[in-house]
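Colleague: Provided herewith is a single structure, encoded as structure tokens, for subsequent inquiry.
Residue numbers (the numbering used here), protein chains in the order written: chain A, 1 to 73; chain B, 1001 to 1512.
Right under this line is the structure:
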């Protein structure tokens, strides 16, 4: 089981978390939505997997490239 | 035995030896690992019975002892028909000295490339090689005899399309040809690198993990050297065939025309539903692309690299087009340095092989800030701009939603396209109205007066003002987009030169 680190593509803040730990995510599923540049930018589980851990909470600021969730594939 | 029989027997014996590759044991190990051998790969690639080999009886000659153990000198080359069209093909045979580069196989590759270039044939590389052959290349005599005697070995002028598959451990020449090619498909488990992990470990005194160094994830997501990732040899070879089906055999002809599949354009009536109503919400532009182009014809390239820019080949009304789109799903559509480089190389590919470009625009501009500058954003933005300006194939742009600032020009705004069309949802300005209110009036969102100034800025970005000054040649209903593009591709067909452009970027670097 490979561990997959999910990183943000943008700097912004966590607006809404859509998945919970233990949840099985289909490829392309949204894990959370960030607010950045006045846009709602989703963080996606590109290959799918099981969400092991969320590393951020709603309202928290995130930097580009920050690991915000860990999945197992 | 008469003379005829003696010759037949000798021929058969030589042929059996030449076709033996690295021997039954090595071939069995590959099979067990789920990998095709060089000849099986060629069989998958070429139309049945169409492969005619060049240099079947060539062997290594550097060391007389190798002569019997180096069939084809580790590289099987020849001509085969791929989907009915002639191509020059090269399959590395890793079971023979790791398909390492030697004097004889170097001459075989040179011959294939020369014929491909001079006669207008696509060149296909099935890559899996260990690099320069040792000890043949060692010492000053080895270097002097083996390397650099063909001044055109790594020259690329894009006379004919090159397509490569990275199917195993690829060091040295297999890597060079992969990055010199227009298209490189990579099989999971393969490695593409300058040199082997062993040599890298010796040189930098630390353990090197081959997948970390040159595995599929690195090349799909970090370097962009893999255009497509697949799981098996079979899928990789099929992808080469699909890629070549969009391209002409050489740069002096137009791409082939295909039949239009039934059901094409079926989803156009509901296409607006694929874009959210709110301007702050994102969507996946690839769903719109798939709806607009001929059914199942979208062949995306570099899907995991520079994701904010989407590139792919497709057909509209049976004719090959290159799709360049912003994808709001990633970074809200704000283009970064990676996306610029990806789009630039794709523009060069299309222009070099007479493929019209369709640009689908929804970008709030370029990513700005410290990190963007460190990634050399100005240079990348201008390289892309220059490539677009040097393009001589038809360019059609459709503004779907946002088109702001310099990115407006990079995505074909103004006379950077042959035709600019806009959806009624389009908004065009120098910057997003939210930021413009702050810059011009000093008012942050939520403060008194913001809403009034925002409404004014927003109205001034409307498509109707844009159309009134003829900056858009057409405002089109979203559901008309496919028909509009097909018609405009016909209007702008390069009639005066039989569909052939001027190829001003034929010597543009092949990677970035």
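Glycine included, C-beta positions come from ideal geometry on N, C-alpha and C.
Values in this document were obtained by computation on a predicted structure and should not be read as measured data.
1. Where does the unbroken beta strand (DSSP E) through residue 1395 of chain B begin, and where does it stop?
2. Report the rounded CA-to-CA distance for residue 1163 of chain B versus residue 1452 of chain B, giving the unit in angstroms.
3. Nearest-angstrom Cα distance between residue 1229 of chain B and residue 1448 of chain B?
4. Within the 8 Å Cβ cut-off, does residue 42 of chain A reach chain B?
5. Assuming residue 1062 of chain B and residue 1136 of chain B form a contact by the criterion Cβ under 8 Å, report the distance between their Cβ atoms to the nearest whole angstrom.
6. How about residue 53 of chain A and residue 69 of chain A: do their beta carbons lie closer than 8 Å?
7. Comparing the C-beta of residue 1403 of chain B with each C-beta of chain A, is any distance below 8 Å?
8. For residue 10 of chain A, return the contacting residues in chain B, with the cut-off set at a CB-CB distance below 7 Å.
9. Residues of chain E with CB closer than 7 Å to the CB of residue 1334 of chain B, please, in chain order.
10. Restricting to Cα atoms, I'd like to know which of B:1178, B:1345, B:1143 and B:1434 is closest to residue 1134 of chain B.
11. So, residue 1395 of chain B versus residue 1412 of chain B, is the Cβ gap smaller than 8 Å?
12. Buried or exposed for residue 1319 of chain B, going by 16 or more other Cβ atoms inside 10 Å?
13. So residue 58 of chain A contacts chain B; which residues on that side make the cut at Cβ distance below 9 Å?
14. Listed in chain order, which residues of the segment 1356-1371 of chain B have Cβ atoms closer than 7 Å to some Cβ of chain A?
15. Is the CB-CB distance between residue 1302 of chain B and residue 1241 of chain B below 8 Å?
16. If you measure from the beta carbon of residue 1280 of chain B to each beta carbon in chain A, is any gap under 8 Å?
17. Does the pairing of the segment 1237-1252 of chain B with the segment 1197-1207 of chain B give three or more beta-carbon distances under 8 Å?
18. Identify the continuous beta strand (DSSP E) that holds residue 1085 of chain B and give its terminal residues.
19. Kindly list, in the order they appear in chain B, the residues whose Cβ is closer than 7 Å to that of residue 64 of chain A.
20. Counting pairs of beta carbons, one from the segment 1317-1333 of chain B and one from the segment 1214-1234 of chain B, are three or more of them closer than 8 Å?
21. Kindly provide the ranges of any beta strand (DSSP E) runs that are 3 or more residues long and lie completely inside the segment 1248-1305 of chain B, ordered along the chain.
22. With 8 Å set as the bound, which would you pick, yes or no: does the beta-carbon of residue 1432 of chain B sit closer than that to a beta-carbon of chain A?
23. List in chain order: all unbroken beta strand (DSSP E) runs of 3+ residues lying wholly within the segment 1366-1452 of chain B.
24. Does the segment 1427-1443 of chain B come into contact with the segment 1486-1500 of chain B, if we say contact requires no fewer than three beta-carbon pairs (one atom in each stretch) closer than 8 Å?
25. Using only the alpha-carbon positions, how far apart do residue 1071 of chain B and residue 1218 of chain B sit?
26. Go ahead and pull the three-state DSSP assignment for residue 1352 of chain B.
27. What residue from B:1235, B:1110, B:1259 and B:1376 has the CA that sits closest to residue 1146 of chain B's CA?
28. On a CA-only basis, which of B:1028, B:1004, B:1041 and B:1075 is nearest residue 1018 of chain B? Give me that one, please.
29. Do residue 1125 of chain B and residue 1181 of chain B have their C-beta atoms closer together than 8 Å?
30. Reducing DSSP to helix, strand and coil, say where residue 1128 of chain B ends up.
31. DSSP on residue 1322 of chain B, reduced to helix/strand/coil?
32. On the CB-based measure, 16 or more other CB atoms within 10 Å of its CB, does residue 1418 of chain B come out buried or exposed?
33. Measure from the alpha carbon of residue 1196 of chain B to the alpha carbon of each residue in B:1086, B:1175 and B:1505, then state which is nearest.
34. Using the rule of at least 16 other Cβ atoms within 10 Å of the residue's Cβ for burial, across every protein chain shown, is residue 75 of chain A buried or exposed?
35. Tell whether a beta-carbon distance below 8 Å holds between residue 1077 of chain B and residue 1047 of chain B.
Modeller: This is what the structure holds:
1. Within the second chain, the letter at position 395 stands for residue 1395 of chain B. Where residue 1395 of chain B is concerned, the enclosing beta strand (DSSP E) stretches over 1395-1404.
2. Start at 1 with the first residue of the second chain, and residue 1163 of chain B comes out as number 163. Start at 1 with the first residue of the second chain, and residue 1452 of chain B comes out as number 452. Cα to Cα, the separation comes out at about 56 Å.
3. The count along the second chain starts at 1 and reaches residue 1229 of chain B at position 229. The count along the second chain starts at 1 and reaches residue 1448 of chain B at position 448. If you take the alpha carbons of residue 1229 of chain B and residue 1448 of chain B, they lie about 52 Å apart.
4. In the first chain, the residue the question calls residue 42 of chain A occupies position 42. It does: the Cβ of residue 42 of chain A has a partner Cβ on chain B nearer than 8 Å.
5. By one-based count along the second chain, residue 1062 of chain B stands at place 62. By one-based count along the second chain, residue 1136 of chain B stands at place 136. With a Cβ gap of about 4 Å, residue 1062 of chain B and residue 1136 of chain B count as contacting.
6. By one-based count along the first chain, residue 53 of chain A stands at place 53. By one-based count along the first chain, residue 69 of chain A stands at place 69. Yes, the pair counts as a contact, with Cβ atoms nearer than the cut-off.
7. If you number the second chain from 1, residue 1403 of chain B lands on position 403. By this cut-off, residue 1403 of chain B is not an interface position.
8. Looking up residue 10 of chain A in the first chain gives position 10. By Cβ distance, chain B contributes 1331.
9. Annotation note: the requested chain E is absent from the structure, which comprises protein chains A and B.
10. Taking the first residue of the second chain as 1, we reach residue 1134 of chain B at position 134. Checked all of B:1178, B:1345, B:1143 and B:1434; the closest Cα to residue 1134 of chain B is B:1143.
11. Here residue 1395 of chain B is taken as the residue at index 395 of the second chain, counted from 1. Here residue 1412 of chain B is taken as the residue at index 412 of the second chain, counted from 1. It is a contact, given that the beta carbons lie within the stated cut-off.
12. Counting from 1 along the second chain, the entry for residue 1319 of chain B is found at position 319. Residue 1319 of chain B comes out buried.
13. For the purposes of this step, residue 58 of chain A is taken as residue 58 along the first chain, with counting starting at 1. Correct list: empty, because the minimum Cβ distance to chain B is about 17 Å.
14. 1364 and 1371
15. Counted from its first residue, the second chain places residue 1302 of chain B at position 302. Counted from its first residue, the second chain places residue 1241 of chain B at position 241. Not closer than 8 Å, so no.
16. If you number the second chain from 1, residue 1280 of chain B lands on position 280. It does; some Cβ of chain A falls within 8 Å.
17. no
18. Taking the first residue of the second chain as position 1, residue 1085 of chain B is located at position 85. Here the beta strand (DSSP E) through residue 1085 of chain B covers 1085-1092.
19. For the purposes of this step, residue 64 of chain A is taken as residue 64 along the first chain, with counting starting at 1. Here the neighbours are 1371.
20. no
21. Here the runs fully enclosed are 1299-1301.
22. Locating residue 1432 of chain B in the second chain gives position 432, counting from the first residue. Judged by the 8 Å Cβ criterion, residue 1432 of chain B is in contact with chain A.
23. 1395-1404, 1419-1422 and 1427-1429
24. no
25. Against the second chain, residue 1071 of chain B aligns to sequence position 71. Against the second chain, residue 1218 of chain B aligns to sequence position 218. In a straight line, the C-alpha of residue 1071 of chain B is about 34 Å away from that of residue 1218 of chain B.
26. The count along the second chain starts at 1 and reaches residue 1352 of chain B at position 352. Looking at residue 1352 of chain B - three-state DSSP - the assignment turns out to be helix.
27. Here residue 1146 of chain B refers to the residue found at position 146 when the second chain is read from its first residue. Considering only alpha carbons, the answer is B:1110.
28. As a position in the second chain, residue 1018 of chain B is number 18, starting the count at 1. Per the Cα distances, B:1075.
29. Taking the first residue of the second chain as 1, we reach residue 1125 of chain B at position 125. Taking the first residue of the second chain as 1, we reach residue 1181 of chain B at position 181. Contact flag set, yes.
30. Reading the second chain from its first residue, position 128 is the one you call residue 1128 of chain B. Strand.
31. As a first step, residue 1322 of chain B must be located in the second chain, where it is residue number 322. Strand at residue 1322 of chain B.
32. In the second chain, residue 1418 of chain B corresponds to position 418, counting from 1. Under this definition residue 1418 of chain B is a buried residue.
33. Position 196 of the second chain, counted from the start, is the residue given in the question as residue 1196 of chain B. For the residues B:1086, B:1175 and B:1505, the minimum Cα distance to residue 1196 of chain B belongs to B:1175.
34. Since the first and last residues shown for chain A are 1 and 73, residue 75 of chain A lies out of range.
35. Stepping through the second chain from its first residue, residue 1077 of chain B is reached at position 77. Stepping through the second chain from its first residue, residue 1047 of chain B is reached at position 47. At least 8 Å separates the beta-carbon of residue 1077 of chain B from that of residue 1047 of chain B.
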